[in-house]
Amino acid sequence: MAELTTLDSLLEMGFDRNRAERAVASTGNQGIEQAMDWLMAHENDPDIDEPYVPPVGNVLGEAADTQSGTEPPTREDPAEGTAEGDGSFVEDEENKRPMSEEEKQEQVKRLEELMRVKQAERRERERAEEVEREKQRRRQGQELQQIRQKIQDDEMKKLAEQRRREKMEDKMARQRVKDKIARDREERAQKFGGGAASTTSASSQPNLPSPSSPTSQGPPPSKKEYDESRIQVRLLDGSTITAAFKAQEPLAAVRVYIQMNSNTPEGQDFTLLSPYPRHIYTEQDMEKPLKELGLVPSAVLVVSKK
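Going by the numbering used here, the first residue of the sequence shown is number 22, and it counts up by one from there.
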């Protein structure tokens, strides 16, 4: 059965002539399968429908016939016993005849079936590529999520470390205040202990009769200067604490002592006031010495919620 040329087969299958000529030329007229593969691979090219101009002297589908027509007839080798010039040539040329309509339809059906197979293979290949792209996209998404999680974890670690340092610094500051208060207590205890001993020794001496003569009396004693103050503090729950402070210490020292030695919740702000006469101490008062505020030699302060 005679066969259609590649170009004719593509035209019979419904391909545009311009595309069919371009496919045959691009594949070197190697057959219908190569041409169909080329068409399916380049159907979305932007220049696929531009007019195709074949090279000069080349007519698609006729190159093979032209070449075969220009070749001289082949003679048998004289060594094989054939005499030259005897008029006998070995002819291998097939008598061609036009294809009938049924033969054309049958060949077109075969080509259409081949095209369906090629298209199915292409769709399967595209589905596999799409699945691979989706896997790649998911892997990239997971990697991005892991990077974000790592950044968030690092930020949380930095924040936790910063809070730990702040707590440590606050703890050290409180410890320094406690140490200072302890030193002050020790100094006051030593001072009070020496004064008590001298008082005891003085009291152990026998009482001497004081002269009753008015001429022996001297000038009235001057007002005693106190360098310490004994402060009693009434807390929010009604309990009291008592401590001694130097007269030149600021009221803020009393406030720190209350914070360190009372059951006041940490972070709760409070104010100090004197009940008689009633006076509420401000932030400016915290910097003033106890002597200037009239809290020497002793005073009672009340803790009040702010």
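Yeah, the Cβ is synthetic: ideal placement off N, Cα and C, and Gly gets one too.
This one's a predicted model, so the numbers in the text were calculated from it and none came from an experiment.
| Query | Result |
| --- | --- |
| Tell me whether Ile-53 sits in a helix, a strand or coil according to DSSP, three-state version. | helix |
| Answer with buried or exposed for Leu-31, where buried requires no fewer than 16 other C-beta atoms within 10 angstroms of its C-beta. | buried |
| Assuming Tyr-247 and Val-323 form a contact by the criterion Cβ under 8 Å, report the distance between their Cβ atoms to the nearest whole angstrom. | With a Cβ gap of about 22 Å, Tyr-247 and Val-323 do not count as contacting. |
| Could you name the residues that DSSP lists as bridge partners for Phe-291? | Lys-326 |
| Buried or exposed: Arg-131, going by 16 or more other Cβ atoms within 10 Å of its Cβ? | exposed |
| Expressed to the nearest angstrom, what Euclidean distance is found between the alpha-carbon atoms of Ser-47 and Glu-151? | 28 Å |
| Rounded to the nearest angstrom, how far is the Cβ of Tyr-302 from that of Leu-272, given a contact under 8 Å? | 6 Å |
| Considering only the alpha carbon of each residue, which of Glu-71, Ser-121, Glu-122 and Arg-143 lies closest to Trp-59? | Arg-143 |
| Where DSSP assigns a beta bridge to His-300, which residues make up the other side? | Ser-295 |
| Would the beta-carbon of Pro-265 fall within 8 Å of that of Arg-209? | The question names Pro, yet the displayed sequence has Ala at residue 265. Cβ atoms of Ala-265 and Arg-209: closer than 8 Å. |
| Residues bridged to Phe-266 by DSSP? | Ser-250 |
| Please list, in chain order, all residues of the same chain as Asp-306 whose beta carbon is under 7 Å from its beta carbon, the five residues on each side excluded. | Leu-272 and Leu-314 |
| Go ahead and label Ala-56 buried or exposed: buried means 16 or more other beta carbons lie within 10 angstroms of its beta carbon, across all protein chains shown. | buried |
| Just to check my reading of the structure: Val-275 and Val-198 have Cβ atoms closer than 8 Å, yes? What is that Cβ distance to the nearest angstrom? | About 12 Å separates the two Cβ atoms, so there is no contact after all. |
| Taking only the alpha-carbon atoms, compute the straight-line gap between Met-34 and Arg-40 and give it to the nearest angstrom. | 12 Å |
| From this set, Ser-295, Asn-282 and Leu-293, which residue's C-alpha is nearest Asp-200's C-alpha? | Asn-282 |
| Per DSSP, Val-275 forms a beta bridge with which residues? | The partner list for Val-275 (beta bridge, DSSP) is empty, contrary to what the question assumes. |
| Please state if the CB of Thr-26 and the CB of Gly-52 are separated by a distance shorter than 8 Å. | no |
| Can you name, in chain order, every residue of its own chain whose Cβ lies under 7 Å from the Cβ of Arg-38, other than the five neighbours on each side? | Leu-32 |
| Mind checking who Thr-261 pairs with in its DSSP beta bridge? | Arg-255 |
| Would you identify the three-state DSSP class for Ser-47, choosing helix, strand or coil? | helix |
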